[in-house]
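Student: Once you've had a glance at the structure underneath, I'll fire off some questions.
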Amino acid sequence: MPSESSAANQRGAGARKPLYNEEAERSVLGSILLDWQKVLDFCIEQQIRPESFYLRAHQTIYEAMLDMAETRRPIDILTLSDRLKAQGKLEAVGGLPFLNQLLDATPTAAHAEYYVDIVRQQNLLRRIVDCARLSENTCYTSSEEADQILAKVEQDFFNISAARRSGMVPWKTGVMETMATIDRIHRTKQGLSGIPTGFKDLDNMLLGLHNGEMIILAARPSMGKTSLAMNIASNVALGKSEQPRAVGVFSLEMSREQLILRLLGSHARIPTYDISGGFITDAKFGLLAQAADVFMKAPIFLDDTGGLDILELRARARRLKKKEDIALFVIDYLQLLHSPEHRREGRQSEISAISGALKNMAKELNVPVLVLSQLNRAPEAREGKPRLADLRDSGAIEQDADVVCLLRRPSLYKEDTKEKVEDDTLAQLIVA
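In structure tokens, the structure reads:
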């Protein structure tokens, strides 16, 4: 008897043949009865779950097998029938005669991997159909905007794709990959194992920005966190320390023009105020033109859409990564993102969900994600000296982050602290 979910998959399919292979499903179960340790371990590695089987009886039998394996109880026709009988499910699956049929249909477990792949492929097709039909239904019934629906649909399909990839890597492969990294470091005499930021002291401390990591750059407003982040982005894109790499920037606060103006001013060493106010000489204009020529070639991809929710941002990042092979993402800034699914739970829960989603994005895309964040007002009470606990709205940010950098401008607090500051442009970066 088909499962309820699988049966639902087939509604409206007309005379189409159901997406399953009964013989393959039986052969997988029969192979487990013949060599449960080897075959069931392979099934688990291939992420075969009870719902991977189409027929309800097969789902019930496989679920019982998993329960037995969890307690390391041997699985054969007698122990399995005892387990099903104790659960009151033996007759529902066809009784002992049906279990015997599984063995009769599988003379050897030698071809188990082949049968497992058929079951996996058929389940994958059913999941695709499920997702497509759910997407169609959502389009007709949801009150959400089309962009939000598209982001959710894309995430659903990506989840199907991501589930296909086995997380298990042979130890030998991991050792070889690590040795390749060590060999590169040894040959080049460069200790960096991540992407250089272009700031020597920071790179010496962090050894670069590493794939799969979320790096938080936090500060009070007007401390220069956007400028620092964009300088890191430009250093990576222009290849200041190594070959140029593509960078994706999501600016939820500043417009494209504001960001580029700051970047050009920083590169030409001309204050943004002077550029905006028209207080520049012909010579300085020439420097800005030279900076523009440089950045015209920089592989920086900027999205300045305001009010993005985290689901849509991840969808855009995923597409950009695939299209442009992005090596670093910069997000400015965390507290301007939204999570519609968690908004009703309060701001702290919403920020926690967003922070976790950004960390998952870094791992999913296997790139470093530099996330800017606001600090609360607590540093103002202690001479502007920030702490981890000052991260605004949620303590989950510091838990999710791999690295937290806190930015401070001593010149803004010199009257309160009597601190001697010779350079008003000096900024302190604290790696917490």
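For the sequence shown, this note's numbering assigns the number 69 to the initial residue and increments by one for each residue that follows. Even glycine gets a Cβ: it sits at the ideal position worked out from N, Cα and C. Just so you know, these numbers come straight off a predicted model, no measurement behind them.
#1: Quick check on Lys153: buried or exposed, where buried means 16 or more other Cβ atoms within 10 Å of its Cβ?
#2: Are the Cβ atoms of Leu402 and Ser441 separated by less than 7 Å?
#3: Between Leu193 and the rest of its own chain, which residues show a CB-CB distance below 8 Å, the 5 nearest in sequence each way excluded?
#4: Give the straight-line distance between the Cα atoms of Ile498 and Gln216, rounded to the nearest whole angstrom.
#5: What residues in its chain sit with their C-beta under 6 Å from that of Gly348, if we drop five residues either side in the sequence?
#6: Compute the Euclidean distance between the alpha carbons of Ile300 and Asp361, then round it to the nearest angstrom.
#7: Suppose you measure from the CA of Asn77 to the CA of Leu438; what does that come to, to the nearest Å?
#8: Give the single residue among Thr147, Gln114, Glu138 and Glu113 whose Cα lies nearest to the Cα of Leu102.
#9: Quick one: which unbroken beta strand (DSSP E) runs of 3-plus residues sit fully inside the stretch 384–447? Chain order, please.
#10: Quick check: what's the CA-CA separation for Arg84 versus Glu93?
#11: Would you kindly report the start and end of the unbroken alpha helix (DSSP H) that includes Asp172?
#12: Under the rule that 16 or more other beta-carbon atoms within 10 Å means buried, what is Tyr122, buried or exposed?
#13: Quick check on DSSP: helix, strand or coil for Asp185?
#14: Hey, how far is the Cα of Tyr130 from the Cα of Ala214?
#15: Just reading off the alpha helix (DSSP H) that Ser210 is part of, what are its end residues?
#16: So what does Ile498 bridge to, in DSSP terms?
#17: Assuming Ile284 contacts Ile465 (C-beta within less than 8 Å), just tell me the rounded distance between them.
Tutor: The structure says:
#1: In the sequence shown, residue 153 corresponds to position 85, counting from 1. By the Cβ-count criterion, Lys153 is exposed, with fewer than 16 other Cβ atoms from all chains shown falling within 10 Å of its own Cβ.
#2: Taking the sequence shown and counting its residues from 1, one reaches residue 402 at position 334. Taking the sequence shown and counting its residues from 1, one reaches residue 441 at position 373. A contact, by the Cβ cut-off of 7 Å.
#3: What you label residue 193 is simply residue 125 of the sequence shown in a count that begins at 1. If we look at Leu193 and ignore the five residues flanking it on each side, its Cβ neighbours are Leu87.
#4: As a first step, residue 498 must be located in the sequence shown, where it is residue number 430. As a first step, residue 216 must be located in the sequence shown, where it is residue number 148. Looking at the two C-alpha atoms, the distance is approximately 38 Å.
#5: Taking the sequence shown and counting its residues from 1, the one referred to as residue 348 is at position 280. Before going further, note that residue 348 is Ile rather than Gly in the sequence given. The answer, listed in chain order, is Asp342.
#6: Within the sequence shown, numbered from 1, the residue matching residue 300 stands at position 232. Within the sequence shown, numbered from 1, the residue matching residue 361 stands at position 293. Roughly 19 Å between the two C-alpha positions.
#7: For the purposes of this step, residue 77 is taken as the residue at position 9 of the sequence shown. For the purposes of this step, residue 438 is taken as the residue at position 370 of the sequence shown. At Asn77 the pLDDT is 48, less than 50, meaning the model places this residue with poor confidence; the figure from the coordinates comes in the next sentence. Using only the alpha carbons, I get a separation of about 41 Å.
#8: As a working note, residue 102 is residue 34 in the sequence shown. Ranking Thr147, Gln114, Glu138 and Glu113 by Cα distance to Leu102 puts Thr147 first.
#9: Listed in chain order, they are 396–400 and 437–442.
#10: Your numbering for residue 84 matches position 16 in the sequence shown. Your numbering for residue 93 matches position 25 in the sequence shown. Going from the Cα of Arg84 to the Cα of Glu93 covers about 20 Å.
#11: Taking the sequence shown and counting its residues from 1, the one referred to as residue 172 is at position 104. According to the DSSP assignment, Asp172 belongs to the alpha helix (DSSP H) that extends over Gly163 to Asp172.
#12: The residue you call residue 122 lines up with position 54 of the sequence shown. Around the Cβ of Tyr122, a 10 Å sphere holds 16 or more other Cβ atoms; the residue is buried.
#13: Here residue 185 is taken as the residue at index 117 of the sequence shown, counted from 1. Annotated three-state conformation of Asp185 is helix, per DSSP.
#14: Taking the sequence shown and counting its residues from 1, the one referred to as residue 130 is at position 62. Taking the sequence shown and counting its residues from 1, the one referred to as residue 214 is at position 146. Linking Tyr130 to Ala214 through their CA atoms gives a straight-line distance of about 40 Å.
#15: The residue you call residue 210 lines up with position 142 of the sequence shown. Ser210 -> no alpha helix (DSSP H), and no H or E assigned at all.
#16: Against the sequence shown, residue 498 aligns to sequence position 430. According to DSSP, residue pairing for Ile498 in a beta bridge involves Leu474.
#17: Translated into the one-based positions of the sequence shown, residue 284 becomes position 216. Translated into the one-based positions of the sequence shown, residue 465 becomes position 397. About 6 Å separates the two Cβ atoms, so the contact holds.
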